[in-house]
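Inspection log for the structure reproduced underneath, given as structure tokens.
Numbering (mature numbering (1 follows the signal peptide of the UniProt record, and there is no 0)), first residue to last: -27 to -1, 1 to 567.
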């Protein structure tokens, strides 16, 4: 057996868990190339010039501003570092500049839309930002795909000459935007649920930072120092944003304090405010302001807030900066970090293979129904196909197992060469009862692998983000009592990928909720969520979030071939799935679904 582990660990790993390999090998089939296009540098520069020249407010809203002391309505509010100090990109390598420039296709500049927001790199192709940077006051999408430019890797804004041409990015790098998502319950009137994710067409070199966890309460304790980063306005008397990245430390305020300042406009649990009360002028005030929108509030190396809104000009006496409370939204935002799919529209799709012809098909999700199938050609010779994104590049990968020898391969698209590459990752895994790629189970934003061996032991292979894995860790036993072990995404809304397992005798389906730690104590107590024997459903399929609501879903097939969608509720209870919806019949013809 070939070994690619440290010598001391290799013997044990080979004996009890098999081995993951890094040598290359070629599988038989090549999937279709993804249909994604990235804008040219010339196009990005054109958009950037429009954005830099613009003076629009992102997500301009009818929400009224509040005086910091009375909570009464007075003037028009701005979704939104006064004070603070300049900093370098090495202190915040994950910061991103988001420039939106739409010339409206006309000769005049009068109707141009141009604005700036901050963002945070949370994965190589993922930018966390505010929903008001993605949707306007009428709750309509800004088209970041058509008009957006993202710059990473620099603390300075671009230099522009007298003709409006970009002359210097100061070491930064351009990127376009492939797709966008905002919280489905975002309200431009109240600026509630103000969180969004942009997906880039290619990975950036910027070092990602993680969101906080759903169970984090310590970061929000009153008085906790939190660090703000942004390029926003540096004075209440000018609309100019900062040419250099700035940072400031703000104390977290209690919900009671925030509600006292803003009344019902502060939504407890959805928002957090921070800073000392503004003084009424620039002097003595440290605050987020216009241009900081979408940027991060950091506590102990994790994002706890996203710059959301505040009073006009940012310094009204008694005012605080208001942020989206990330712990409340990580369950919705994390699936967007995990939202690779076959056709690139961030709706998880189905991969199937005909049992007799061995023809494989892509069946794309339309949210609550399925599109017509698309042939991938002959995929004979495999007995397992699983969708994943092991290298976090935003493109859907496949894990396949060859029937003849049990070898397991990672099929992944390489944008730089516009081709697929096959890598052998497991040697002779014939006896593995189940192999699952559920996503990130250890809290490091890197996709992991789980495998059940012939004795029923469940092994965790923590992903390294490059198709490689750490040494196997035993995280369960008795899994030979389950005839189906499945997982892809977060079922209970805490931001950690989970596992479903069905008892082969009783049909009881259990949810194994990950704690998000690389430990033998990986799981919370198993939660029974259904009883479905093989006469009810002979296949359970998990491919992620099919309807883009931020919750992982479940597909179930009857022996007669009807396929049902169980929408995930995100509930941390036995009610993990909603009422089933039929997706069609004839699915008994497929021997592989995943």
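By construction, the Cβ of each residue, glycine as well, lies at the ideal position given by its N, Cα and C atoms. Quantities reported herein were computed from a predicted structural model and do not represent experimental measurements.
Close Cβ partners of residue i (< 7 Å) along its chain, the five nearest in sequence each way excluded
i: residue 555; result: 535 and 537
i: residue 227; result: 195
i: residue 355; result: 373, 374, 375 and 376
i: residue 11; result: 149, 174 and 175
i: residue 327; result: 562 and 563
i: residue 322; result: 314, 315, 316, 335, 336, 337, 338 and 516
i: residue 493; result: 446, 447 and 448
In DSSP terms, what residue i is bridged to
i: residue 202; result: 220
i: residue 90; result: 71
i: residue 244; result: 241 and 297
i: residue 27; result: Answer is none; residue 27 lacks a bridge partner.
i: residue 414; result: Partner(s): none; residue 414 has no beta bridge.
i: residue 487; result: 496
i: residue 455; result: 476
i: residue 269; result: 279
i: residue 385; result: 394
i: residue 96; result: 99
i: residue 226; result: Answer is none; residue 226 lacks a bridge partner.
i: residue 141; result: 132
i: residue 604; result: With the chain covering only -27 through 567, there is no way to say anything about residue 604.
i: residue 522; result: Answer is none; residue 522 lacks a bridge partner.
i: residue 447; result: 432
Residue i burial status per 10 Å Cβ neighbour count (16 or more: buried)
i: residue 421; result: buried
i: residue 501; result: exposed
i: residue 465; result: buried
i: residue 371; result: buried
i: residue 77; result: exposed
i: residue 387; result: exposed
i: residue 391; result: exposed
i: residue 540; result: buried
i: residue 266; result: buried
i: residue 91; result: buried
i: residue 564; result: exposed
i: residue 298; result: buried
i: residue 504; result: exposed
i: residue 369; result: buried
i: residue 49; result: Model confidence at residue 49 stands at a pLDDT of 34, short of 50, so the residue's coordinates are unreliable and nothing is read from them.
i: residue 13; result: exposed
i: residue 251; result: buried
i: residue 215; result: buried
i: residue 526; result: buried
i: residue 47; result: Confidence at residue 47 is low in this model, with a pLDDT of 33, below 50, so the placement of that residue is unreliable and no value is reported for it.
i: residue 75; result: buried
i: residue 413; result: buried
Own chain partners of residue i with C-beta closer than 8 Å, once the 5 adjacent residues on each side are dropped
i: residue 427; result: 404, 405, 406 and 453
i: residue 490; result: 415 and 416
i: residue 542; result: 524, 548, 549, 550 and 551
i: residue 272; result: 185, 192, 197, 198, 199, 200 and 225
i: residue 346; result: 325, 334, 335 and 336
Beta-carbon separation (whole angstroms), residue i vs residue j, contact threshold 8 Å
i: residue 156; j: residue 305; result: 6 Å
i: residue 529; j: residue 510; result: 4 Å
i: residue 281; j: residue 167; result: 4 Å
i: residue 60; j: residue 218; result: 5 Å
i: residue 438; j: residue 419; result: 4 Å
i: residue 269; j: residue 177; result: At roughly 16 Å, the Cβ-Cβ gap does not stay under 8 Å, so residue 269 and residue 177 are not in contact.
i: residue 307; j: residue 522; result: Not confirmed; about 13 Å, so no contact.
i: residue 69; j: residue 94; result: 6 Å
i: residue 293; j: residue 221; result: Their Cβ separation, rounded to whole angstroms, is 13 Å, which puts residue 293 and residue 221 out of contact at 8 Å.
Beta-carbon contacts of residue i that lie in its chain and below 6 Å, excluding the five residues immediately before and after
i: residue 142; result: 131
i: residue 553; result: 537 and 539
i: residue 140; result: 132 and 134
i: residue 365; result: 96, 97 and 438
i: residue 496; result: 485
i: residue 474; result: 455, 458 and 483
i: residue 232; result: 239
i: residue -2; result: Here residue -2 scores only 44 on pLDDT, less than 50, and its place in the model should not be relied on; the value that follows carries that caveat. So the qualifying residues of the chain are 395.
i: residue 112; result: 161
i: residue 350; result: none
i: residue 88; result: 27, 29, 31 and 73
i: residue 124; result: 70 and 145
heavy atom of the ligand PLP below 8 Å from residue i C-beta
i: residue 471; result: Looking at this structure, you won't find the ligand PLP or any other ligand, since it has none at all.
Could you tell me whether the region 457 to 475 touches the region 179 to 196, where touching means 3 or more Cβ pairs closer than 8 Å?
yes
Cβ pair count under 8 Å reaching 3, the region 311 to 326 against the region 517 to 535:
yes
Is the number of C-beta pairs between the region 152 to 166 and the region 433 to 447 that are closer than 8 Å three or more?
no
Could you tell me whether the region 378 to 391 touches the region 427 to 438, where touching means 3 or more Cβ pairs closer than 8 Å?
no
Are three or more beta carbon pairs between the region 355 to 370 and the region 335 to 342 nearer than 8 Å?
no
Quick test of the definition: if touching needs 3 or more C-beta pairs under 8 Å, does the region 108 to 124 touch the region 12 to 28?
yes
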